[in-house]
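One structure is given here, and the rest of the page talks about it.
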Amino acid sequence: MLTGLNPLNGTVCGQVHGLTVQVSSPHSEIRNRVAEFLKPLLRGEDGGPYAAVDFTLALLDKNRIPAEPAGSKTLIQFANVSCFRNGDHFSFHAKDGSFIEANVQARRGWGFVSKELTGSKWYILADLLMAPLMEMLKQRGFCGLHAAALSNDGKGYLFPGDAESGKTSIALSLIKRGFRYLADDKVLLTQENGELVALAFTRRFNIDPEISRWYPELSCLEKLEPLPFTVKRPIDVSEIYPDSFVSSCSPRFLIYLQRTEDFESRIVPLAPQESFKRLVRQTIYSFERDVVMRQIRLLGQLVKTTKGYLLYHGRDLFGDPERLLELLSCL
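Residues in the sequence shown are numbered from 1 upward in steps of one, following our numbering.
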């Protein structure tokens, strides 16, 4: 959530789930892109106190691109960013030489970004900011999950699945039948007062305009600019379906999605061990061993406190919310 853009002191401020993010830069083009990055993120419900995160960014001199750092390369699941670790410090690097150096525990960072990242390659700057920010959220007890998340009658439904497994179409089908949504692709897990909760990260979905064949109210997608390297468009679907957004839920069902060439969809129960094996593949783990262990315990608690199922997603679900409700009514 964007909370301030002050061109006089060169600082952009926003909040996301207990973090106040402050990015300082003397360059207006950097500040404007950072403001666009922060705007759709959600601040959370606790109202504070917020921990400060400070970044300082400047434009990269193309004649003085830094060498690759000496630290060990660390696995990170952002398409446009590599990460190197040296003690408590991490370096997040884009291929064109742009980088952010960050002390994740101290929540401080600085870096240089190329002119291209403030223009046509803005999505790389978004990844460069998101990578350290997500690590800081993990340090505060959050665990990201690759899943659609919806709520109905006080019960939360999480639909973990790989890319193109049907998370967005499932979410839209249920929204049409009165469910409220947290996410179509990514949700945050954490503990509040000893209870596991799922939290929304943004109101936006990324949707292929082809889906308007089944949802004519989404024909406006054709007029929106597609995201890089995809036909999908970002849209706040709560503007299309009023009162459909909810910021949190208590998960009760874990329903893994698997596409099938069959016409008819079906749903089968999963043993806890099989549910856990599938779940651990749908998160991004921390760089820190103790934080990883907290994430795994959180995922284990999720499996323990929910019922697990596997939904074989057939062609009959496209544009047919009633069929999906019929399957869920058996749970």
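In this text, a Cβ means the ideal position worked out from N, Cα and C, and glycines have one as well.
Residue i, DSSP secondary structure in three states
| i | result |
| --- | --- |
| Y256 | strand |
| S265 | coil |
| P66 | coil |
| G156 | strand |
| Q273 | helix |
| G119 | coil |
| P132 | helix |
| D290 | helix |
| V113 | strand |
| Q282 | coil |
| S244 | coil |
| L60 | coil |
| G10 | coil |
Paired residues, beta bridge with residue i - DSSP
| i | result |
| --- | --- |
| K420 | Residue numbering for the chain in the displayed model covers 1 to 331; residue 420 lies beyond these limits and cannot be assessed. |
| A183 | A149 |
| D54 | Q22, R108 |
| I124 | Answer is none; I124 lacks a bridge partner. |
| A198 | L189, C249 |
| Y312 | Q258, R266 |
| P234 | N206 |
| C143 | L189 |
| F92 | C83, I100 |
| L41 | T202 |
Reference residue i, options the options, closest by Cα
| i | options | result |
| --- | --- | --- |
| T230 | E164, S212, A198, L172 | E164 |
| E192 | L254, Q301, E36 | Q301 |
| Y256 | L158, R233, A171, C330 | L158 |
| S24 | A52, Q282, L57, A102 | L57 |
| F142 | L199, Q273, R266, D184 | L199 |
| K304 | V291, M293, F276 | F276 |
| G18 | V53, E29, N32 | V53 |
| E332 | W122, M136, K176 | Any question about residue 332 goes unanswered here, given that the chain covers just 1 to 331. |
| L174 | I124, R31, W122, V237 | V237 |
| P234 | S28, F37, Q15, N32 | F37 |
| R108 | Q22, P160, D162 | Q22 |
| Y309 | L299, M293, E274 | E274 |
| L196 | V16, L299, G14 | L299 |
| S286 | F78, E116, N32 | F78 |
| D184 | T202, R177, G178 | T202 |
Proximity of residue i and residue j at Cβ, strictly below 8 Å
| i | j | result |
| --- | --- | --- |
| S114 | L60 | yes |
| F318 | S169 | yes |
| P226 | G156 | no |
| F99 | F112 | yes |
| V187 | Q139 | no |
| N80 | I124 | yes |
| R204 | W122 | no |
Terminal residues of the beta strand (DSSP E) in which residue i lies
| i | result |
| --- | --- |
| F84 | 82–86 |
| N103 | 99–103 |
| C220 | Where C220 is concerned, there is no enclosing beta strand (DSSP E), given that its DSSP letter is neither H nor E. |
Range of the contiguous alpha helix (DSSP H) that encloses residue i
| i | result |
| --- | --- |
| S338 | The shown model of the chain, from 1 to 331, leaves out residue 338, and the question about it has no answer. |
| S28 | 28–38 |
| P321 | 321–328 |
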